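Engineer: The opening residue of the sequence shown carries number 306 in our numbering; numbering runs sequentially from there.
Yeah, the Cβ is synthetic: ideal placement off N, Cα and C, and Gly gets one too.
This one's a predicted model, so the numbers in the text were calculated from it and none came from an experiment.
If you scroll down you'll find the structure; I have some questions about it.
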Amino acid sequence: MKNSTRLLPLLLIPFLLFQSCTNNENEDFQVYDLKGQNSKGNEVYIPDGNFLNTLLNTNCVDANGDGEGDFNADSNNDGILQKNELNSIENLILKFNYGSPIKYVDLTGIENFGNVKSLKISGTTDYIQVDDVLNSENLSYDFTGLRKLEYLKISYLGTEYFDSINVSGLNKLMEIDLSQNRPMDYYTERNKFLNINMEGCSNLKSLNITNSFINIDFCQIPSLEKLNMFYLEGGEPDIFDFHCLVNLKWLDISENRINKLILKNSSVLETLICQDIGSEDEFINYPFPNYLCIDDLPLEWEQVATMIGPDNIVITDCTF
Numbered sequence: 306m307k308n309s310t311r312l313l314p315l316l317l318i319p320f321l322l323f324q325s326c327t328n329n330e331n332e333d334f335q336v337y338d339l340k341g342q343n344s345k346g347n348e349v350y351i352p353d354g355n356f357l358n359t360l361l362n363t364n365c366v367d368a369n370g371d372g373e374g375d376f377n378a379d380s381n382n383d384g385i386l387q388k389n390e391l392n393s394i395e396n397l398i399l400k401f402n403y404g405s406p407i408k409y410v411d412l413t414g415i416e417n418f419g420n421v422k423s424l425k426i427s428g429t430t431d432y433i434q435v436d437d438v439l440n441s442e443n444l445s446y447d448f449t450g451l452r453k454l455e456y457l458k459i460s461y462l463g464t465e466y467f468d469s470i471n472v473s474g475l476n477k478l479m480e481i482d483l484s485q486n487r488p489m490d491y492y493t494e495r496n497k498f499l500n501i502n503m504e505g506c507s508n509l510k511s512l513n514i515t516n517s518f519i520n521i522d523f524c525q526i527p528s529l530e531k532l533n534m535f536y537l538e539g540g541e542p543d544i545f546d547f548h549c550l551v552n553l554k555w556l557d558i559s560e561n562r563i564n565k566l567i568l569k570n571s572s573v574l575e576t577l578i579c580q581d582i583g584s585e586d587e588f589i590n591y592p593f594p595n596y597l598c599i600d601d602l603p604l605e606w607e608q609v610a611t612m613i614g615p616d617n618i619v620i621t622d623c624t625f
């Protein structure tokens, strides 16, 4: 009898471990269940009226992945967004009408789209005077709950009305397009640059920030292979520093004012596009960079030849 009593706790351990694993699996399944069978049809709270209206009354769901919206997010047409409806969406297209006066959208509730793989966000693009904006506090967009996200595109934000975009930890994210996000008022005393947190985006391959005011720490995304920084038009960083991008293959920095350029990263780009930078031609708008730091490799010297002028400094040890 004593031996049986001693064995009982030992026999319970495998059972308890099994129960723990089963509960964790079920909990995870409830969150990411494509069919939504386990989400119990609970109503989802979307506080921003414009966000809610876009989900209920526009073709925001791309059912076949062709880039075009097919129907709204309210699949049972009851006027209420439920967890099972949002869990069934893999491709979401949000085309906001910001109205006039303009009011940028608060995306609180976006975390409920746990199965979305592709997310596109855009809005009205007509020029609006700075005093036509109703947002009294800056917005931030947090997409860290979208664990299956592979593609993100956001365009036409007035960057002085936003603090940050957070995609940290999204290890399935492969492509981000943040082109055409700029301040509405170039003379504003507000911070004109939008901060992006990409820490832990370990599979990110492509990033486009064409014509945008974006602050990025490239050392967060060493996996990057393609980077488009064409025509930032005032949004140029103090230093174009790519030393952390050891896997970079394709880079476009055309039509930018560049003070310091660091290309040294122990590898050579397959494609470097630097049109209209560095020339004595009076019709070229962008001067030679003041400083260049490159790998001491013949092919890289050849790639940057058009940006080397009579007065700029080219080094290989990056000690500016």
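Note down the Cα distance separating residue 415 from residue 448, rounded to an integer number of angstroms.
Structural biologist: On the sequence shown, residue 415 is found 110 positions in, with the first residue counted as 1. On the sequence shown, residue 448 is found 143 positions in, with the first residue counted as 1. Their backbone Cα atoms lie some 7 Å apart in a straight line.
Engineer: Helix, strand or coil for residue 348? Go by DSSP, reduced to three states.
Structural biologist: Position 43 of the sequence shown, counted from the start, is the residue given in the question as residue 348. Of the three classes helix, strand and coil, the one that applies to residue 348 here is strand, per DSSP.
Engineer: Would you kindly work out how many angstroms separate the C-alpha atoms of residue 406 and residue 574, rounded to a whole number?
Structural biologist: Numbered from its first residue, the sequence shown carries residue 406 at position 101. Numbered from its first residue, the sequence shown carries residue 574 at position 269. When the Cα atoms are used, residue 406 and residue 574 turn out to be separated by approximately 46 Å.
Engineer: Take residue 524 and list the residues in its own chain whose beta-carbon comes closer than 6 Å to its own, dropping the five residues that flank it on each side.
Structural biologist: As a first step, residue 524 must be located in the sequence shown, where it is residue number 219. For residue 524, where only same-chain residues beyond five positions count, the Cβ hits under 6 Å are 549.
Engineer: Could you pull the start and end residues of the alpha helix (DSSP H) that residue 354 belongs to?
Structural biologist: Locating residue 354 in the sequence shown gives position 49, counting from the first residue. It spans 354-362 - the alpha helix (DSSP H) in which residue 354 sits, taken as one unbroken run.
Engineer: Are there 16 or more other CB atoms within 10 angstroms of the CB of residue 467, so buried, or fewer, so exposed?
Structural biologist: For this step, residue 467 is matched to residue 162 along the sequence shown. When all chains shown are included, residue 467 counts as buried.
Engineer: Measure the alpha-carbon distance for residue 609 versus residue 545 and round it to whole angstroms.
Structural biologist: Your numbering for residue 609 matches position 304 in the sequence shown. Your numbering for residue 545 matches position 240 in the sequence shown. Their backbone Cα atoms lie some 14 Å apart in a straight line.
Engineer: Among the candidates 500, 459 and 375, whose CA atom is the shortest distance from the CA of residue 481?
Structural biologist: Locating residue 481 in the sequence shown gives position 176, counting from the first residue. It is 459.
Engineer: To test your reading of the DSSP string, which unbroken beta strand (DSSP E) runs of 3 or more residues are found completely within the region 539-574?
Structural biologist: 544-546, 555-557 and 565-567
Engineer: Measure the C-alpha to C-alpha separation of residue 455 and residue 360 and round it to an integer number of angstroms.
Structural biologist: For this step, residue 455 is matched to residue 150 along the sequence shown. For this step, residue 360 is matched to residue 55 along the sequence shown. Rounded to whole angstroms, residue 455 to residue 360 spans 21 Å at the Cα level.
Engineer: Select from 387, 599, 497 and 582 the residue whose C-alpha is nearest the C-alpha of residue 593.
Structural biologist: Looking up residue 593 in the sequence shown gives position 288. It is 582.
Engineer: Compute the Euclidean distance between the alpha carbons of residue 491 and residue 535, then round it to the nearest angstrom.
Structural biologist: The residue you call residue 491 lines up with position 186 of the sequence shown. The residue you call residue 535 lines up with position 230 of the sequence shown. Approximately 19 Å, taken between the alpha carbons.
Engineer: Excluding the 5 residues flanking residue 602 on each side, which residues of the same chain have their C-beta closer than 8 Å to its C-beta?
Structural biologist: Taking the sequence shown and counting its residues from 1, one reaches residue 602 at position 297. Closer than 8 Å at the Cβ level, and outside the excluded window around residue 602, lie 573.
Engineer: Applying the criterion that 16 or more other CB atoms from any shown protein chain within 10 Å of the CB defines a buried residue, is residue 352 buried or exposed?
Structural biologist: Taking the first residue of the sequence shown as position 1, residue 352 is located at position 47. The residue in question, residue 352, is exposed, as its Cβ has fewer than 16 Cβ neighbours within 10 Å.
Engineer: Rounded to the nearest angstrom, what separates residue 556 and residue 347 at their Cα positions?
Structural biologist: Numbered from 1 along the sequence shown, position 251 holds the residue referred to as residue 556. Numbered from 1 along the sequence shown, position 42 holds the residue referred to as residue 347. Going by the C-alpha atoms only, they are around 46 Å apart.
Engineer: Taking residue 477 as part of the alpha helix (DSSP H), name the residues at either end of that continuous run.
Structural biologist: Translated into the one-based positions of the sequence shown, residue 477 becomes position 172. Residue 477 -> no alpha helix (DSSP H), and no H or E assigned at all.
Engineer: Can you tell me the Cα-Cα spacing of residue 626 and residue 510, whole angstroms?
Structural biologist: As displayed, the chain neither begins before 306 nor continues past 625, which places residue 626 out of reach and without an answer.
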